[in-house]
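Structure below.
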């Protein structure tokens with residue numbers, strides 16, 4: 331089976347890879363590019379652990395083909411911090427103990443960042459509905475929601 | 046002698062007694078004494094038990110001391126998630 | 155030197171315990187750097203995949219893998235025939251990992267393949283020809299106990315099962331004291347009710363995954379996500395017929411477990427494939443495999459008889475509990491029968507538990523295994539009786555609450571416990587008196603868990619620059635590295651960030667019990683404190699040497715050795731860093747270690763309070779408000795204690811409202827995915843409020859009790875009591891999904 335050549339941008343870096351026609355973007359990220367920050371919890375788009383953005387739009391990378399990344403801008407959890415400076419969401423997740431096991435955390439952070447880009451001042455309810463596609467089994471979501479709202483507040487107040 | 050309370054479904058092995066007396070000063074002597082006196086308890090003792098001594102639960106420490114007036118209760122082996 | 159007593163719980167001022175520092179693995183986990191089970195790879199690695207039974211119950215007549223083995227890119231096929239005959243204690247575990255004579259449930263592994271790629275592996279599975287002889291199957295616990303039910307095993311019942319029962323009944327457990335009939339005769343009212351709960355899955359977001367390699371010399375390495383890598387080592391070594399010392403297991407970061415990762419599934423198979431191929435083999439389950447073939451909890455059918463006086467005193471409590479635990483013996487019904495009435499001070503109490511097998515995946519532990527279903531029945535019955543008698547259900551619980559000196563329903567007399575404190579705090583909380591609207595109701599329920607200790611081994615090493623490395627052997631499933639670093643820093647009197655805690659592999663420490671039974675903060679914490687004390691003794695000795703005084707004249711205070719006593723003389727204190735810097739000159743490296751079978755874990759109680767609203771047109775239930783009151787003994791890192799309370803509560807909310815295993819008439823699981831097996835999502839929930847109570851556990855130097863499991867015990871009944879109050883009729887079957895609630899509304 332011949333492979334497809336893809337040229338794309340991931341976290342600002344130009345990237346080339348070969349993938350099978352049926353291979354998901356998640357498998358490309360994890361198995362071909364060694365970017366294992368995005369997680370596979372279900373492979374069917376139900377858990378959100380593989381969340382990335384494609385041209386700024388939040389998607390489950392398990393539901394998108396690797397071949398479809400051609401010419402797109404992909405952003406993953408690995409690109410969220412600016413060097414050694416954590417994104418406010420990342421900092422607030424640690425500060426609020428918004429992770430226990432941490433497996434859902436990358437997907438939730440990517441999804442939450444996507445929310446705050448669209449809505450810098452979300453209500454608790456808007457935050458809960460935006461994150462309804464990201465499953466967490468450890469925390470009961472309480473501290474996650476608090477961390478996102480607190481990060482939003484800090485980002486709004488930042489000069 | 047130590048008075049040992051065993052749980053209901055084990056009473057078939059002790060002639061329907063739920064309180065039995067065993068000569069023991071440690072957990073090991075207690076378990077050995079129970080097995081010797083009531084051989085029908087052996088399958089359960091082999092599967093494992095926990096023992097509450099004065100309200101504190103012990104599993105395997107053979108040389109845990111037991112006082113004559115200690116409250117000793119045999120429990121199904123505890124397991125957790 | 156003077157040290158704190160081993161079991162001293164006198165109130166003391168902590169510097170670090172009770173604060174909320176950042177967890178040491180936090181940055182790794184928010185940046186995607188943390189490596190979980192499926193995140194590891196190895197040079198020359200093959201991909202392993204499992205072929206699973208499409209039948210609920212079938213005899214395996216033959217397996218022909220020749221076509222699969224002939225496929226280009228396939229390196230090995232493994233079936234049960236590849237494994238040595240197992241010892242009795244791992245026989246069922248092996249049979250669950252790889253079926254022998256029969257496939258016992260939909261999804262049961264029957265063969266596995268190692269191939270150069272996932273695509274080839276998938277293709278190879280299709281080429282393996284398994285000839286099945288389908289057999290009659292049974293899914294429901296009551297049906298499995300009926301005479302004439304299809305039998306999974308013959309002659310497996312233990313000696314506790316009276317003659318004449320279905321061969322699917324594996325064990326009978328009876329507990330209690332007093333005289334039920336006499337107690338019921340004293341009651342002003344007697345309630346008899348039956349309750350049912352469905353099987354639910356632990357629902358960890360990370361599927362099982364491992365990476366195995368094994369050389370021709372028998373030395374093997376395994377990387378996997380597990381709650382206990384020492385358990386994995388011991389179990390796999392027994393199954394493969396190698397020694398424990400030959401197999402080194404490294405625990406990856408673990409993406410949730412909740413009891414479901416306290417056994418093995420893929421690991422022995424991956425090792426066998428690695429052995430046959432001479433190559434590293436990586437195996438990762440799909441979500442459907444996780445749901446079909448790994449541990450759900452038991453489903454239950456429970457009968458209750460409860461007598462109460464018109465003043466609310468419980469005169470007798472009886473429960474008969476029937477749990478199916480899947481295809482092998484070991485449903486946690488003994489724990490259910492022991493814990494059912496544990497919160498209450500009862501003169502007459504009796505419970506009988508039946509352990510039953512069915513054609514379902516073998517139940518694995520799930521957070522306080524066996525207790526939530528029992529508490530659902532008992533706490534629902536207490537609530538119904540209290541309301542029938544016109545009594546306040548919280549006051550009734552207070553009136554009957556177990557306290558210090560109460561003989562527990564499972565036998566022993568309680569030491570100091572926190573149940574009454576949780577109930578009083580709940581009664582005085584604003585939640586209890588807040589107004590309710592139409593279609594809204596409030597429920598309360600109590601819960602109990604035993605908590606364990608067990609084998610524990612830690613090593614604490616002082617580096618030459620005066621920082622501390624703590625090695626422990628229990629995977630960090632929810633922030634325990636932080637708690638261990640805090641306890642080490644507290645004991646040594648140094649800042650939290652001077653301690654780094656790592657999870658060591660099985661080659662680096664002695665045996666450690668699995669991360670289960672809410673044991674880690676208690677047992678590993680206790681060992682950490684003792685290891686720090688050993689290091690302090692050594693440091694005092696080194697200082698004494700330098701000062702030329704007796705060791706007994708040196709004490710450790712605020713992170714430094716200090717002379718103390720009339721003959722000690724005047725010496726400036728020597729800090730940990732100063733002593734570390736001259737360690738080579740004073741005898742060599744400084745370390746403390748501690749090995750113990752930790753006993754004395756304190757039991758834990760909670761009271762939960764919940765408000766629900768029911769949509770009368772659809773039967774949908776909304777959780778409006780939720781408050782947890784639980785005794786933590788001493789909360790080391792309160793944020794992670796709250797997190798345990800919140801997480802357990804929400805798993806209980808899922809169990810109560812949505813989650814269930816659904817089988818068709820052929821015994822095939824119908825909802826093996828997160829779309830149809832619906833765990834709670836953020837938009838289903840309010841904030842989960844928590845109140846931490848601290849009634850010290852005398853068995854721990856800082857008073858710590860385990861907190862992880864109790865929080866899933868009360869929610870099932872608390873929510874059922876709230877929903878029942880919302881709609882004015884009792885809900886005795888879980889889950890309370892909208893169709894069931896709507897039917898109850900229409901039938902009232």
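Protein chains in written order, with my numbering: chain A, 331 to 489; chain B, 46 to 126; chain C, 155 to 902. For every residue, glycine included, the Cβ atom is placed at its ideal position computed from N, Cα and C.
Of the residues 416(A), 444(A), 431(A) and 428(A), the one whose Cα lies closest to the Cα of residue 405(A) is 444(A).
With a minimum length of 4 residues, the unbroken runs of alpha helix (DSSP H) contained wholly in the region 487 to 518 of chain C fall at 487 to 493. In the same chain as residue 863(C), and ignoring 5 residues on each side of it, the C-beta atoms closer than 6 Å to its own belong to 521, 522, 603 and 672, in chain order. Here residue 600(C) is near residue 551(C), since their CB atoms are less than 9 Å apart.
Put simply, the CB of residue 184(C) is near chain A, with a gap under 9 Å to one of its CB atoms. From the beta-carbon of residue 340(A), no residue of chain C is found nearer than 9 Å; the closest lies around 13 Å away. With a contact defined as Cβ atoms closer than 8 Å, residue 189(C) and residue 886(C) miss out at about 46 Å. By the beta-carbon neighbour count (other beta carbons within 10 angstroms, threshold 16), residue 373(C) is exposed.
In the three-state scheme derived from DSSP, where H, G and I count as helix and E and B as strand, residue 887(C) is classed as strand. 9 Å or more divides the Cβ of residue 577(C) from the Cβ of residue 464(C).
Residue 81(B) holds the alpha-carbon nearest to the alpha-carbon of residue 58(B) among 47(B), 99(B) and 81(B). For the pair residue 805(C) and residue 402(A), the CB atoms are not nearer than the 9 Å cut-off. DSSP places residue 107(B) outside both helix and strand once states are collapsed to three, so it counts as coil. Interface annotation, residue 793(C): in contact with chain A, CB-CB separation under 9 Å. Boundaries of the alpha helix (DSSP H) harbouring residue 299(C): 295 to 299, taken from the DSSP string.
Restricting attention to beta strand (DSSP E) runs no shorter than 3 residues, the region 677 to 713 of chain C encloses them at 708 to 711, ordered along the chain. For the C-beta of residue 488(C), the chain B residues within less than 7 Å are, from N- to C-terminus, 121. Counting C-beta atoms within 10 angstroms of its own C-beta, residue 766(C) has 16 or more neighbours from the protein chains shown and is therefore classed as buried.
For residue 484(A), the enclosing alpha helix (DSSP H) has its first and last residue at 472 to 487. When beta bridges are read from the DSSP output, residue 610(C) appears opposite 750(C). Chain-order list of chain B residues neighbouring residue 502(C): empty, with the shortest C-beta distance near 13 Å, by a criterion of under 8 Å. Our two residues, residue 199(C) and residue 367(C), have alpha carbons roughly 9 Å apart in a direct line. Secondary structure in the region 212 to 236 of chain C: the alpha helix (DSSP H) runs of 4 residues or longer, each lying completely within the stretch, are 220 to 224 in chain order. DSSP places residue 383(C) in the uninterrupted alpha helix (DSSP H) bounded by 383 to 394. Note on geometry: alpha-carbon atoms of residue 230(C) and residue 447(C) lie some 22 Å from one another. Residue 480(C) sits away from residue 526(C), with the two beta carbons spaced by 9 Å or more.
Within the region 555 to 581 of chain C, those residues whose Cβ lies closer than 7 Å to any Cβ of chain B are, in chain order, 564, 565, 566, 567, 568 and 569.
Taking the Cα of residue 666(C) as reference, the smallest distance to any Cα among 609(C), 449(C) and 657(C) is reached at 609(C). Listed along chain B are 104, each with a C-beta nearer than 8 Å to that of residue 608(C). Counting only Cβ-Cβ distances below 7 Å, residue 389(C) has no contacts in chain B at all, with the closest Cβ about 15 Å away. Going by DSSP, residue 586(C) is part of the alpha helix (DSSP H) stretching over 584 to 587.
The Cβ atoms of residue 606(C) and residue 670(C) sit closer than 9 Å to each other.
DSSP, read as helix, strand or coil, puts residue 578(C) in helix. Taking a 10 Å sphere around the C-beta of residue 739(C), we find fewer than 16 other C-beta atoms and assign the residue as exposed.
Relative to residue 285(C), the option among 517(C), 255(C), 273(C) and 294(C) whose CA is nearest is 255(C).
At a cut-off of 9 Å, the C-beta of residue 444(A) has no neighbouring C-beta in chain C.
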